[in-house]
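Just so it is clear: in the sequence shown, position 460 is 460 by full-length UniProt numbering, and no numbers are missing.
Cβ coordinates follow ideal geometry from the N, Cα and C atoms, glycine included.
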Amino acid sequence: MSTVNSLIKKVTDAMVDKVSIQIGSFSQPVVYYNLVINQQLLGHHSFSFTWRIGDVVMDFKSQADFIKKYMGAKVVITLKDAARGENVYFKGIISEMEVLDNDGASKGFQIVGKSPTILLDEIKQSQTHFSSMLNEIVHKIDESIVKGVLTGMDINPKCQTVLPYIVQYNETDFQFLKRLAVQYGEWMFYDGDYLRFGELKTSKAALENGVNLHHFKVTSRLQSQKVSYKGYDYNIASEISSQNLEPQNNTQSYISQNAQQASSSVFDRSNINHSFASNANDSQDIKRIQELNQQAIEANVLTYSGLSKIPLQIGGMFSVSKDGISGDFIATGVQHYSKGFGHYECQFESIPRDVKVPPYTNPLVYPKAETQGAVVTDNNDPQGMGRVRVQFFWGHESDWTRLVTPHAGSGKGFYFIPEIGEEVFVSFEGGNPEKPFIIGTQYNGQEISGYNTAGNDQKVIHTRSGTKMIFNDAQGSIFIEDPSGNTWLMDGQGNISVNAPNDMNITVGKNFNINVGNNMTTSVGVNMNETVGVDRMSTVGMMSNTFVGGNSTLSVTGNMMEFIQGNLDSHSEKQRQESSMKGIQITSDDVIAKNSNKEVQNNSAEKSKSY
Numbered sequence: 001m002s003t004v005n006s007l008i009k010k011v012t013d014a015m016v017d018k019v020s021i022q023i024g025s026f027s028q029p030v031v032y033y034n035l036v037i038n039q040q041l042l043g044h045h046s047f048s049f050t051w052r053i054g055d056v057v058m059d060f061k062s063q064a065d066f067i068k069k070y071m072g073a074k075v076v077i078t079l080k081d082a083a084r085g086e087n088v089y090f091k092g093i094i095s096e097m098e099v100l101d102n103d104g105a106s107k108g109f110q111i112v113g114k115s116p117t118i119l120l121d122e123i124k125q126s127q128t129h130f131s132s133m134l135n136e137i138v139h140k141i142d143e144s145i146v147k148g149v150l151t152g153m154d155i156n157p158k159c160q161t162v163l164p165y166i167v168q169y170n171e172t173d174f175q176f177l178k179r180l181a182v183q184y185g186e187w188m189f190y191d192g193d194y195l196r197f198g199e200l201k202t203s204k205a206a207l208e209n210g211v212n213l214h215h216f217k218v219t220s221r222l223q224s225q226k227v228s229y230k231g232y233d234y235n236i237a238s239e240i241s242s243q244n245l246e247p248q249n250n251t252q253s254y255i256s257q258n259a260q261q262a263s264s265s266v267f268d269r270s271n272i273n274h275s276f277a278s279n280a281n282d283s284q285d286i287k288r289i290q291e292l293n294q295q296a297i298e299a300n301v302l303t304y305s306g307l308s309k310i311p312l313q314i315g316g317m318f319s320v321s322k323d324g325i326s327g328d329f330i331a332t333g334v335q336h337y338s339k340g341f342g343h344y345e346c347q348f349e350s351i352p353r354d355v356k357v358p359p360y361t362n363p364l365v366y367p368k369a370e371t372q373g374a375v376v377t378d379n380n381d382p383q384g385m386g387r388v389r390v391q392f393f394w395g396h397e398s399d400w401t402r403l404v405t406p407h408a409g410s411g412k413g414f415y416f417i418p419e420i421g422e423e424v425f426v427s428f429e430g431g432n433p434e435k436p437f438i439i440g441t442q443y444n445g446q447e448i449s450g451y452n453t454a455g456n457d458q459k460v461i462h463t464r465s466g467t468k469m470i471f472n473d474a475q476g477s478i479f480i481e482d483p484s485g486n487t488w489l490m491d492g493q494g495n496i497s498v499n500a501p502n503d504m505n506i507t508v509g510k511n512f513n514i515n516v517g518n519n520m521t522t523s524v525g526v527n528m529n530e531t532v533g534v535d536r537m538s539t540v541g542m543m544s545n546t547f548v549g550g551n552s553t554l555s556v557t558g559n560m561m562e563f564i565q566g567n568l569d570s571h572s573e574k575q576r577q578e579s580s581m582k583g584i585q586i587t588s589d590d591v592i593a594k595n596s597n598k599e600v601q602n603n604s605a606e607k608s609k610s611y
């Protein structure tokens, strides 16, 4: 009886239309054969089928017109689930049409198509995002979608952290979304209508072994559960690390737990070293990388596969009952197949429902960037670390970026920061576009130094204000100049020339010694003042000549003594007067002679003595 019932069911099923196809403006029912739809997480979907165009035989021109009309047309495929009363829909775009030849004439076409997610794979782009949450970044892409075949995006990521700096570098929007999903452990898939980014759908199909489920099997894998990472946070100048050598056991699957226990017993070697995570910025980053990596390992321990007679949706949840045991699963890969009217089945792969992240998760993934030029837009680093911000030639600005210098340290170093508008050369740590650093600056066709010589003789430091220092290897000279005209020249011939258009001040805390081998000339245009706090001694080896154009005054507070080994001649063209508040004494070991062409007068207020 059961055989009869089974036969009746097969006949009944064959009479039910389980799949229907709509193509663009084609108004008639689409007659198809061998429909295949391939769906996977994180990728474009594809479909193919044979389209039979009735009994009409097309000539070559009609074939060309038909292809022109339907190439790129929207295709809606409905996979019907009568038991649940729910349908699974798939919208796609015809990307390839092949004429099915029948002795030179066509009675149909082989149709190949893609999911409309290919519209997001149109062109590679580069842009930057600052202090944004993951959902905000993804929403910007959703806003750019021209709603049509792709209805839009369903965005609900698990990650709610503000991301300081994210770069889309030479990636299509689809590649960028894929990378974000992989890097942050988010689910991403096209469900046939929407591109979903984040949480899974809640609808659930039910499969029962031997009824609508066949060939159900499990694949278990040994996976080392150990993760150990180190990184570096330059903001605190410290190493950061995170390590976990034990499995997390997030899934309640009995088989999965057994596989993890087996993995732990096999991979039992103790580890003391770490793997370096170059894209970790701080301690929270390194912890996130460690947790996501371990969760990804767990998501790859088990894979379940089978054949379903009801349509399963990629990224959808379903339950399986087999031998009195049930479990919940997530479809990670589905291939739908229909021979034609009344037939449907799908091959699927799945993982346990309670895994924490998709199996493709890899927190260490990032695009590779090449060293390249950029222009400085800001050099006023709020943290005082000598960083700059640059605008790349693909049109977007960087975050604060460190600069490689010959020497750097606390309170010391080689502090030369590029000016705004100058071209710099940028490299990236590990090739990661989110980790730039400045190698140096570059001249270009608009910014030329002006110091080029045929022999490469000059080495120059020249600042924005015009202050400069020129080392000339041809002359062996050093020339220093500021914008006011102050100069210092060491000419390479043993001479030094110093010029100050205005004042020059020299302050010496202790001793100041000047040694001149030959002559020393001092020329003062107006006044010269000289002050000595204690003693002053002047020694002249030969002659000492003093010429005064006007008056000369010598004021001595204490005693004044003159010692002359030769003669003392004093000559005045006019009068000479000597006065003293007390006595005046003239003493000679020889003759004292007073001579006058006129009178010699001796005047005294009192009586005088001459003897």
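Here's the rule I'm using: 16 or more other beta-carbon atoms within 10 Å means buried, otherwise exposed. How should Lys9 be labelled? Because the pLDDT at Lys9 is just 49, under 50, the model does not fix this residue reliably, and the point stays unresolved.
Inter-residue Cα distance where the pair is Pro418 and Val388: Each residue's Cα considered, the two are about 8 Å apart.
Cutting at 6 Å between CB atoms, please list the residues of its own chain near Phe471, excluding the five before and the five after it. Lys459 and Ile478
On the criterion of 16 or more Cβ atoms from any shown chain inside 10 Å, does Phe428 qualify as buried, or is it exposed? Its Cβ being crowded by 16 or more others within 10 Å, Phe428 is buried.
Cβ contact (3+ pairs, closer than 8 Å) linking the stretch 25-45 and the stretch 350-357: no
Which value, in whole angstroms, describes the spacing of the CA atoms of Phe197 and Thr128? Rounded to whole angstroms, Phe197 and Thr128 show a C-alpha spacing of 20 Å.
Could you tell me the alpha carbon to alpha carbon distance between Asp142 and His214, rounded to whole angstroms? 39 Å
Under 9 Å between the Cβ atoms of Gly342 and Lys18? When the beta-carbon positions are compared, Gly342 and Lys18 come within less than 9 Å of each other.
Compute the Euclidean distance between the alpha carbons of Val404 and Pro164, then round it to the nearest angstrom. 22 Å
So, do the stretch 461-470 and the stretch 437-447 have three or more beta carbon pairs nearer to each other than 8 Å? no
Grab the span of the alpha helix (DSSP H) containing Lys140 for me, first residue to last. Lys140 -> alpha helix (DSSP H) spans Leu134 to Glu143.
State the Cα-Cα distance for the pair Met153 and Gly466, rounded to the nearest angstrom. 56 Å
Simplified DSSP state of Thr453, which is helix, strand or coil: coil
How would you label Ala237, buried or exposed, when you count the other beta carbons within 10 angstroms and need 16 or more for buried? exposed
Identity of the residues DSSP links to Pro436 by a beta bridge: Pro436 is bridged to Phe428.
Since I believe Ile93 is in contact with Gly72 (beta carbons under 8 Å), could you give me their beta-carbon distance rounded to a whole number of angstroms? 6 Å
Going by the CB atoms, is the gap between Leu79 and Thr117 shorter than 9 Å? No, the pair does not count as a contact, with Cβ atoms beyond the cut-off.
Which same chain residues end up closer than 6 Å to Phe60 when comparing Cβ atoms and leaving out the 5 residues on each side of it in sequence? Within the same chain, and ignoring the five residues on either side of Phe60 in sequence, no residue has its Cβ closer than 6 Å to its Cβ.
Determine the direct distance from the alpha carbon of Phe66 to that of Glu345, and round the result to whole angstroms. 31 Å
Do you know how far the Cα of Asn432 is from the Cα of Tyr169? Note on geometry: alpha-carbon atoms of Tyr169 and Asn432 lie some 10 Å from one another.
For Lys285, count neighbouring C-beta atoms within 10 Å of its own C-beta (all shown protein chains included) and say buried if the count is 16 or more, exposed if not. Looking at the sequence provided, one finds Asp at residue 285 rather than Lys. Flag for Asp285 reads buried.
So the alpha helix (DSSP H) Ser48 belongs to, where does it begin and stop? Not the alpha helix (DSSP H): Ser48 falls in the beta strand (DSSP E), residues Ser46 to Arg52.
With H, G and I counted as helix, E and B as strand and the rest as coil, what does DSSP make of Glu171? strand
Nearest-angstrom Cα distance between Asn597 and Glu578? 20 Å
Could you tell me if Pro359 is buried or exposed, where buried requires 16 or more neighbouring beta carbons within 10 angstroms of its beta carbon? buried
Member of Pro157, Ser338 and Asn300 whose CA lies at the smallest distance from the CA of Thr332: Closest option to Thr332, judged by alpha-carbon separation, among Pro157, Ser338 and Asn300: Asn300.
Closest by CA to Asp473, which one among Gly485, Ser484, Asp457 and Pro483? Comparing Cα positions, the closest option is Asp457.
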